[in-house]
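Chains as they are written, first to last, in my numbering: chain A, 3 to 295; chain B, 67 to 262.
All C-beta atoms, glycine included, are put in the ideal place defined by N, C-alpha and C.
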Amino acid sequence: MRQKMRILWLSAISCNGNTHSFLNYPYMEQFLEDFEFIYHPVIDSKYLLQDIVSKEIACDILLIEGAISKEYKRADVSVVQIIEKYSKIVQKIVTVGTCATFGGIFRESGYENTSGMHFDQEKQIENFKHLLDKTISISGCPIHPEVLVNTLYSIKKSVTLKLDKYLRPKEFYAYTVHNGCTRNEYFEYKVDNHNFGELEGCMFYEHGCQAPFTHGSCNKILWNEVNSKTRAGVPCMGCTEPSFPRQNLFSTKKNMAIPEHLPVGVNKRVYLTLAGITKAFKIQRLEKKLFDD
Amino acid sequence: MSDKKKLKREQIIQCSLELFASNGFYSTTIPDIAKSLKMSVGNIYNYFKSKDILANEIIKYISAYLGEKLKEINEEDISTKEKTRKIVEMYFKTASLKPEMIDYFLRIYLSNREVFRDTCEGMLCVNEFVTEIMIYFEEGVKCGDLREQDFFSAFGLFMGYLGGMVFLKGENILPKDLNDYIEDITFNIYKALSSE
């Protein structure tokens, strides 16, 4: 029998959203033939959490879900201590989700100095600095199950992943969520004209869509193999970014009509020049409903 | 385009701009422009295929000129109030030194929309100028100096006011020199736009 890779899924300060998102991976049976969990919060595993913290169980990959504070304990042991212990024996550490990577919404929790493993939002922190080379970040609220699983297979196959400055695999995070969005035509000609849940219109101009400045593959690797937020008619909320969650997620912050956050890498003057030109277009086809006209 | 041709093109724009601004769009003909430049009528058409195209190019030329001046102000590290004063000063200075530019904008571009409708739709031909005004507003709101509001309500207040003053000056109605109004106008505009 092939050797399965052994994984420890450790939940820190978390809502377990990533645990649940992972359960949506469509080829779970295949995955469980190649990997096994020595411990997972909801999937049957060989050991109890008490065994994990009191003994040292052989393990290849440490997955951390949730924000980290040394005050926060699992089975009466600080998560920081558990991470320190297992980080010594594993090949790789993967921070699963935006909380484990940047602190996310649980930065607001009452625990002292709550942050991601290596980052407090954009800022790199001192804790665990010696483990930077061992860590891969999979941000997202929640993580895309295929992005996590494909990363785990890369580790299994000893493929070296190129990482961005937040240790996220470029394979999945070099793109913006805007890439592959089915509403690009509306974006190009600055037609917002959107109602939530409907097919028509771009949500960047009025409805808070953060896709043009959010790194992720949501519109390339679809969720449940069929859809994405923007395809379903809801704005991208920027959940893979260190700044997540911002406020007022359903409206675009503007200063005198100019969006405060522009598409990543685009100069404001150039954006406005282009916007002025595209606004001159009046494209009837894009003003109407696509089907029920 | 060679440098010589570029220069000639600009000379035609500058000369026709002055003629249009003082005599009106329909009263100025291509032969008038040719005569003033000592060029043949045919040669003018080598540069601009029609009078309408020439009119469109002139407004782009003015927009680029004013846009460049505004960009210099926008890039200065000064308060929004100071920027407001400098924009008013720059606009009035242009109206005094190059009155034909502002006159063309007010009396040709805004008054003969049929000439510009097809190729200068929306803000297409005044893009450079409008872009810089947008940046002035956006940066003012971002740093907390200006109040957030609809772009056009702010744009109309600012540019309508300045255009109106230059128009009054052009009609010889203003009792004082334009420069004598800079202080009060800056105060009024800033007070109207400010977040205080």
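Whose C-alpha, out of the options, is nearest the C-alpha of residue i?
i: residue 141 of chain A; options: A/291, A/230, A/54, A/66; result: A/66
i: residue 119 of chain A; options: A/77, A/70, A/136, A/156; result: A/70
i: residue 196 of chain B; options: A/128, A/79, A/275; result: A/275
i: residue 201 of chain A; options: A/132, A/293, A/249, A/155; result: A/293
i: residue 184 of chain B; options: A/283, A/291, A/236, A/74; result: A/283
i: residue 84 of chain B; options: B/242, B/237, B/166; result: B/166
i: residue 149 of chain A; options: A/286, A/285, A/281, A/24; result: A/24
i: residue 117 of chain A; options: A/235, A/147, A/81; result: A/81
i: residue 127 of chain A; options: A/112, A/179, A/103, A/145; result: A/103
i: residue 130 of chain A; options: A/196, A/124, A/95; result: A/95
i: residue 207 of chain A; options: A/226, A/246, A/260, A/215; result: A/260
i: residue 146 of chain A; options: A/175, A/187, A/90; result: A/175
i: residue 169 of chain B; options: B/89, B/148, B/224; result: B/89
i: residue 260 of chain B; options: B/205, B/237, B/230; result: B/205
i: residue 280 of chain A; options: B/225, B/140, B/189; result: B/189
i: residue 210 of chain A; options: A/221, A/223, A/91, A/196; result: A/196
i: residue 56 of chain A; options: A/37, A/32, A/68, A/85; result: A/85
i: residue 54 of chain A; options: A/12, A/187, A/286; result: A/12
i: residue 72 of chain A; options: A/218, A/112, A/58, A/229; result: A/112
i: residue 68 of chain A; options: A/32, A/122, A/52; result: A/122
Which term fits residue i, buried or exposed, when burial requires 16 or more other beta carbons within 10 angstroms of its beta carbon?
i: residue 143 of chain B; result: exposed
i: residue 28 of chain A; result: exposed
i: residue 99 of chain B; result: buried
i: residue 2 of chain A; result: This structure leaves residue 2 of chain A out entirely; chain A is present only between 3 and 295.
i: residue 192 of chain A; result: buried
i: residue 213 of chain A; result: buried
i: residue 104 of chain B; result: exposed
i: residue 182 of chain B; result: buried
i: residue 244 of chain B; result: buried
i: residue 73 of chain B; result: exposed
i: residue 246 of chain B; result: exposed
i: residue 106 of chain A; result: buried
i: residue 191 of chain B; result: buried
i: residue 248 of chain A; result: exposed
i: residue 78 of chain A; result: exposed
i: residue 232 of chain A; result: buried
i: residue 198 of chain A; result: exposed
i: residue 14 of chain A; result: buried
i: residue 166 of chain A; result: exposed
i: residue 239 of chain A; result: buried
i: residue 267 of chain A; result: exposed
i: residue 162 of chain A; result: exposed
Is the CB of residue i under 8 Å away from at least one CB in chain B?
i: residue 25 of chain A; result: no
i: residue 271 of chain A; result: yes
i: residue 192 of chain A; result: no
i: residue 296 of chain A; result: Residue 296 of chain A is absent from the structure shown; chain A starts at 3 and stops at 295.
i: residue 254 of chain A; result: no
i: residue 275 of chain A; result: yes
i: residue 260 of chain A; result: yes
i: residue 257 of chain A; result: yes
i: residue 281 of chain A; result: yes
When the cut-off is 8 Å and only beta carbons count, does residue i lie next to chain A?
i: residue 232 of chain B; result: no
i: residue 214 of chain B; result: yes
i: residue 83 of chain B; result: no
i: residue 203 of chain B; result: yes
i: residue 187 of chain B; result: yes
i: residue 101 of chain B; result: no
i: residue 200 of chain B; result: yes
i: residue 190 of chain B; result: yes
i: residue 181 of chain B; result: no
i: residue 54 of chain B; result: There is no way to answer for residue 54 of chain B, as the model of chain B reaches only from 67 to 262.
i: residue 122 of chain B; result: no
i: residue 220 of chain B; result: yes
i: residue 254 of chain B; result: no
i: residue 147 of chain B; result: no
i: residue 171 of chain B; result: no
i: residue 224 of chain B; result: no
i: residue 72 of chain B; result: no
i: residue 195 of chain B; result: no
i: residue 207 of chain B; result: yes
Runs of 4 residues minimum, wholly inside the stretch 149 to 219 of chain B: which ones carry the alpha helix (DSSP H) assignment?
165 to 169, 179 to 182, 193 to 208
What residue ranges within the stretch 202 to 272 of chain A form continuous alpha helix (DSSP H) runs of no fewer than 4 residues, ordered along the chain?
231 to 234
Restricting to runs no shorter than 3 residues, where is the beta strand (DSSP E) found entirely within the stretch 119 to 199 of chain A?
137 to 140
So, do the stretch 44 to 55 of chain A and the stretch 98 to 116 of chain A have three or more beta carbon pairs nearer to each other than 8 Å?
no
Counting only runs of 3+ residues fully inside the stretch 54 to 79 of chain A, write out the beta strand (DSSP E) ranges in chain order.
63 to 67
Three Cβ pairs or more, each shorter than 8 Å: is that satisfied between the stretch 77 to 92 of chain B and the stretch 196 to 216 of chain B?
no
Write down every uninterrupted run of the alpha helix (DSSP H) in the stretch 93 to 157 of chain B whose length is 4 residues or greater and which is fully enclosed by it, in chain order.
96 to 103, 107 to 113, 117 to 140
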